[in-house]
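Asker: Can you read through this structure? Questions will come right after.
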Amino acid sequence: MSDAPALSVLRLSKCFGERVALDDVSFEIGHGEIFGLLGPNGAGKTTTVRTLGTLLSPTSGSAVITGIALAPENGVAIRSRISIMPESPGLYLRLSVAENLEAFAELYQVPDARSRIERALRAVHLIDRANDACGTLSKGLRQRAALGRALLSDPEVLFLDEPTSGLDPVAARDVHELIDELRHRGVTIVLTTHRLDEAERLCDRVAILNTTLRALGRPDELRERLFSKTLSVRTVAPLPDPGAVFDACPAVDAWREVGTASYSLVVSDSIVAPPAVARALVSAGADVLSLGESHHSLEDVYLELIDQGRRPTP
Amino acid sequence: MMKPSTRRVRAIFRKELREYRRTGSIVGTMAVVPLIFIIAPLARAFALPVSAAATLRHENLLVYLMAIPAIVPATLAAYSVVGERQQGTLEPILTTPLRREEFLLGKALASFIPSVVVAYAVFALFLACVELFAQPVIASALVRGPELLAQLAFTPLLAGWSIWAGIAISTRSNDVRAAQQLAGLASLPPIAITSLISYNVIHPTLRLVLGFGIALLLLNRVGWRITSKAFDRERLVTGSRSRGERQT
Ligand SMILES: Nc1ncnc2c1ncn2[C@@H]1O[C@H](COP(=O)(O)OP(=O)(O)O)[C@@H](O)[C@H]1O
Ligand SMILES: [Mg+2]
């Protein structure tokens, strides 16, 4: 494989009339990466998937998908290299699972359709339901059938739009395991979700989206970037003059009292600050109970980033 | 423009036929509409006294059956796109490399072939009944060579018009029932003409028949153009949006 990214998106925007669904979004995805688009309902996740899947034309911006520029005349070429599992499975309920897959195998013009179908059904553990009408399957099984359908063409990039929405925890876990198995095959996956745990569990990198791209990085990076730069300090007795202690410390930008004998410090460097603060406290004669980084879940990061959109920007 | 892939057209066609077979209402329509239209001419053929054979020679009872290839495909075609949208199956199929022309061709063939088969089968049934059970004089007055030929030729033309009108309407429609009603209306003008001929209001001269044939051919061409134009991936996907959400 070349070094070129599997997918690159540059300043993509999409408006529906007056409504801006997607605003100036850019990112790149490497080969074999599982990339999460995380955002609440209405964030523009489906719009992103549909636009990159050539179902919608972007209002502005550009994208290169498996080396092919997103343009109306490249629709067929792009669509034959990717596959999309849409939000709702959209199976033909009167047809059997195998018949559904057969129709799509033909549409993708896959060679040796029969064995491909069998392989896809095995991959999603539906081989024993192959001849059942899709209408008789539970929601979770339908989702798996749709995933099998998306695997038929051996896509270079696989888009999964909220693959577990509406599933019970057991069915959702099954789908998670299937996605995990795909990771080992080296498929590039774009997964949209509004579920943090899902993004955190499955994705190599996550983009937090709420019309605009709010943040992008590995789940642990994201967590760090926003919140680990807070230090909590607790002492046995309130400090007589906290300002004198903290203001002199390197890498401490601000501090505030969060309770009796409890302080929260905003630091610019989480390696330099803690030892410096510890030394300053000791030399001020304070008895330190605890000193530590505040740990936050990705959820905190997420809510913080999403909320930034709600606050009126000055 | 690239040539449509036969494999993909066939995939759509086969999938449609499989769905028809398992959809009671479609099988019902295909069975009931022809029965409705065969009853009146059969009754007339059997009820007429032998003395009426001469008048029958100037009537065009068979033409009445032309309503079948006009109406049957209209209901199928009207369902073809909006039906998939309502089921939520359109978006997945549009994410495949399928081209617009392939999709429309597959859909059109899936309406065309069963309708024409049904229409020809009903004609054959009608003729068989008349030949076997009607008075021989009546039978020979009814069944005339040129008329049969016209019947054979016009059946696909009429079906074609109904299909393009039906698919175009289906592509632009948000509701299956509305689409089927509109498509029913669109299939009426040709039926009106065939009925007028059948009741002898219009006399089927060779020129008229040829003119009607050419008009239908042109309508079929225009129909294909309009249908292709009406097919807008973006509108089909986003238009289905609110509907899809309501369903879940
Ligand atoms: N066809 C449409 N017409 C108008 N607005 C739309 C349409 N599709 C999506 N939107 C709007 O675009 C925004 C993003 O929607 P969507 O991409 O579906 O979000 P998500 O998938 O993240 O829930 C929402 O505000 C939605 O209302
Ligand atoms: Mg969505």
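Chains A and B supply the protein sequences, listed in that same order. Using the numbering used here, the first residue of the first sequence is number 1, and each one after it goes up by one. Using the numbering used here, the first residue of the second sequence is number 1001, and each one after it goes up by one. Where a beta carbon is used, it is the ideal one built from N, C-alpha and C, also for glycine.
1. Strictly closer than 6 Å from CB to any heavy atom of ligand 1: give me those residues in the order they appear in the chain.
2. Report yes or no: is there a C-beta of chain A within less than 8 Å of the C-beta of B:Gly-1244?
3. For ligand 2, is there a heavy atom less than 7 Å away from the beta-carbon of A:Asp-161?
4. So if I threshold CB-CB distances at 7 Å, which residues from the segment 93 to 122 of chain A count as touching chain B?
5. Is it true that the CB of B:Glu-1234 sits closer than 8 Å to the CB of A:Leu-56?
6. Pick helix, strand or coil for A:Asn-210, following the three-state DSSP scheme.
7. Excluding sequence positions up to five away, which residues of its chain have a Cβ less than 7 Å from the Cβ of B:Ile-1197?
8. Return yes when at least one heavy atom of ligand 2 lies under 7 Å from the C-beta of A:Glu-87, else no.
9. Would you kindly report the start and end of the unbroken alpha helix (DSSP H) that includes A:Lys-229?
10. Using a Cβ-Cβ cutoff of less than 7 Å, which residues in the same chain neighbour B:Gln-1247 once the five nearest sequence positions on both sides are dropped?
11. Please identify the residue among B:Ser-1111, B:Arg-1014, B:Gly-1213, B:Ile-1071 whose C-alpha is closest to the C-alpha of B:Ile-1036.
12. Within the continuous beta strand (DSSP E) that includes B:Leu-1061, where are the two ends?
13. What residues of chain A sit near B:Ser-1015, judged by a beta carbon separation below 8 Å?
14. Could you check what DSSP says for B:Ser-1080 in three-state terms: helix, strand or coil?
15. Rounded to the nearest angstrom, what separates A:Leu-147 and A:Val-124 at their Cα positions?
16. Considering only the alpha carbon of each residue, which of A:Leu-95, A:Leu-289, A:Tyr-263 lies closest to B:Lys-1015?
17. Looking at chain A, which residues of the segment 1129 to 1157 of chain B have a Cβ within less than 9 Å of any of its Cβ atoms?
18. Of all the options A:Leu-182, A:Val-170, A:Ile-84, A:Gly-75, which has the alpha carbon lying nearest to the alpha carbon of A:Ser-138?
19. Using a Cβ distance threshold of 8 Å, determine whether the segment 1142 to 1160 of chain B contacts the segment 1117 to 1131 of chain B, with at least three qualifying pairs required.
20. DSSP on B:Glu-1019, reduced to helix/strand/coil?
21. Using only alpha-carbon positions, find the residue among A:Thr-188, A:Glu-224, A:Leu-209, A:Thr-164 that is nearest to A:Asp-197.
22. Kindly indicate the opening and closing residues of the alpha helix (DSSP H) around A:Ser-13.
23. Consider the Cβ of A:Val-76: report whether some Cβ of chain B lies at a distance smaller than 8 Å.
24. Considering Cα atoms alone, identify which of B:Ser-1080, B:Ser-1187, B:Leu-1132 is closest to B:Ala-1108.
25. Using a Cβ-Cβ cut-off of 8 Å, state whether A:Leu-12 counts as contacting chain B.
26. What three-state label does DSSP hand B:Val-1103 in the structure shown?
27. Determine the burial state of A:Pro-312: buried for a count of at least 16 other Cβ atoms within 10 Å of its Cβ, exposed for fewer.
28. Out of A:Leu-305, A:Phe-159, A:Arg-183, A:Leu-12, which has the shortest C-alpha to C-alpha gap to A:Phe-27?
29. DSSP three-state label for A:Arg-183, please.
30. Please name the residues in the segment 1094 to 1113 of chain B whose beta-carbon is closer than 7 Å to at least one beta-carbon of chain A, in chain order.
31. Should A:Asp-287 be labelled buried (16 or more other beta-carbon atoms within 10 Å of its own) or exposed?
32. Name the one or two DSSP bridge partners that B:Met-1066 has.
33. What does the alpha-carbon distance come out to for the pair B:Ser-1240 and B:Ser-1173?
34. What are the boundary residues of the alpha helix (DSSP H) that includes B:Glu-1147?
35. Going along chain A, which residues have a C-beta under 7 Å from B:Ala-1005?
36. Using a Cβ-Cβ cut-off of less than 7 Å, list which residues of the segment 1213 to 1236 of chain B approach chain A; keep chain order.
Answerer: Reading from the atomic positions:
1. Shown in chain order are the residues whose CB sits closer than 6 Å to a heavy atom of ligand 1: A:Phe-16, A:Arg-19, A:Ala-21, A:Gly-39, A:Asn-41, A:Gly-42, A:Ala-43, A:Gly-44, A:Lys-45, A:Thr-46, A:Thr-47, B:Thr-1238, B:Arg-1241.
2. With a pLDDT of 34 at B:Gly-1244, under the threshold of 50, the modelled position of that residue is not reliable, and the figure given next carries that caveat. Closer than 8 Å: yes.
3. yes
4. Arg-94, Leu-95, Glu-99, Ala-103, Phe-104, Glu-106, Leu-107, Tyr-108, Gln-109
5. Yes.
6. Under the three-state reduction of DSSP, A:Asn-210 is assigned to strand.
7. Excluding positions up to five away in sequence, the list reads Asn-1060, Val-1063, Pro-1204.
8. Indeed, a heavy atom of ligand 2 lies less than 7 Å from the Cβ.
9. It is not in any alpha helix (DSSP H) - A:Lys-229 carries neither H nor E in the DSSP assignment.
10. Reliability of the predicted coordinates at B:Gln-1247 is poor, the pLDDT of 28 falling under 50, and the value obtained from them is presented with this limitation in mind. The answer, listed in chain order, is Gly-1088.
11. By alpha-carbon distance to B:Ile-1036, the top candidate from B:Ser-1111, B:Arg-1014, B:Gly-1213, B:Ile-1071 is B:Ile-1071.
12. From DSSP, B:Leu-1061 is part of no beta strand (DSSP E); its letter is neither H nor E.
13. Inspection of the sequence shows that residue 1015 of chain B is occupied by Lys rather than by Ser. Tyr-92, Leu-95, Glu-99, Ala-103, listed in chain order.
14. helix
15. Computed Cα separation, rounded: 7 Å.
16. A:Leu-95
17. none
18. Looking only at A:Leu-182, A:Val-170, A:Ile-84, A:Gly-75, the smallest Cα-Cα distance to A:Ser-138 is reached by A:Val-170.
19. Taking 8 Å as the limit for Cβ pairs, the verdict is that the segment 1117 to 1131 of chain B does touch the segment 1142 to 1160 of chain B.
20. helix
21. Taking only the C-alpha atoms, the option nearest A:Asp-197 is A:Thr-164.
22. That residue, A:Ser-13, is in no alpha helix (DSSP H); its beta strand (DSSP E) goes 7 to 16.
23. yes
24. B:Ser-1080
25. no
26. Checking the sequence shown, residue 1103 of chain B turns out to be Phe, not Val. Looking at B:Phe-1103 - three-state DSSP - the assignment turns out to be helix.
27. Because A:Pro-312 carries a pLDDT of 42, less than 50, the predicted location of this residue cannot be relied on, and the following value inherits that uncertainty. By the Cβ neighbour-count rule, A:Pro-312 is exposed, with fewer than 16 other Cβ atoms within 10 Å of its own.
28. A:Leu-12
29. Secondary structure of A:Arg-183 (DSSP, three-state): helix.
30. Leu-1094, Thr-1095, Thr-1096, Pro-1097, Leu-1098, Arg-1099
31. exposed
32. According to DSSP, which records beta bridges pairwise, B:Met-1066 is partnered with nothing at all.
33. For B:Ser-1240, the predicted model reports a pLDDT of 40, less than 50, meaning its position is unreliable and no value from the coordinates is stated.
34. 1145 to 1172
35. Residue 1005 of chain B is actually Ser in this sequence, not Ala. Ordered by position in chain A, the residues that pass the 7 Å Cβ test against B:Ser-1005 are Gln-109.
36. Arg-1233, Glu-1234
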